[in-house]
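Engineer: I am attaching a structure below and will ask some questions about it afterwards.
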Amino acid sequence: MIRLKRLANIRLVTFDLFDTLYMPAESVSITYARPLQRHGFAHIRSEVISTAFARSFKEIHTAYPCYGFAAGMTSKQWWDE
Numbered sequence: 001m002i003r004l005k006r007l008a009n010i011r012l013v014t015f016d017l018f019d020t021l022y023m024p025a026e027s028v029s030i031t032y033a034r035p036l037q038r039h040g041f042a043h044i045r046s047e048v049i050s051t052a053f054a055r056s057f058k059e060i061h062t063a064y065p066c067y068g069f070a071a072g073m074t075s076k077q078w079w080d081e
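Note that UniProt numbering gives residue 15 to position 15 of the sequence shown, counting from 1, and the numbers run on in steps of one.
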């Protein structure tokens, strides 16, 4: 049984709802590519964005797992990385 004293230190609980309760109407890479294409970056395709994001996410997640918790990073620092 979890002791209530330990629970008293919890200040925030978050849930990742993406692709469970929240389903975007289109892929995120398409959402990002469309305005880029409208503003002169017609050569940037959604597939390129998707591949680059997956590669970058894997690298940062490997270097700083759990969104940088052990490294003392804030979520903003982790995403900025």
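Just so you know, even glycine gets a beta-carbon here, dropped at the ideal spot from N, CA and C.
List the residues that DSSP assigns as beta-bridge partners of Tyr64.
Structural biologist: Taking the sequence shown and counting its residues from 1, one reaches residue 64 at position 64. Answer is none; Tyr64 lacks a bridge partner.
Engineer: State the CB to CB distance for the pair residue 96 and Ile30, rounded to an integer number of angstroms; the pair is presumed to be in contact (CB under 8 Å).
Structural biologist: Residue coverage of the chain in this structure runs from 1 to 81, which leaves residue 96 outside it and unanswerable.
Engineer: According to the Cβ coordinates, are Ser27 and Ser56 closer than 9 Å?
Structural biologist: Start at 1 with the first residue of the sequence shown, and residue 27 comes out as number 27. Start at 1 with the first residue of the sequence shown, and residue 56 comes out as number 56. Contact: no.
Engineer: List the endpoints of the continuous alpha helix (DSSP H) containing Val28.
Structural biologist: Counting from 1 along the sequence shown, the entry for residue 28 is found at position 28. Counting along the chain, the alpha helix (DSSP H) containing Val28 begins and ends at Val28 to Arg38.
Engineer: Looking at the strands, I want to know which residues DSSP matches up with Phe18.
Structural biologist: Stepping through the sequence shown from its first residue, residue 18 is reached at position 18. Per DSSP, Tyr22.
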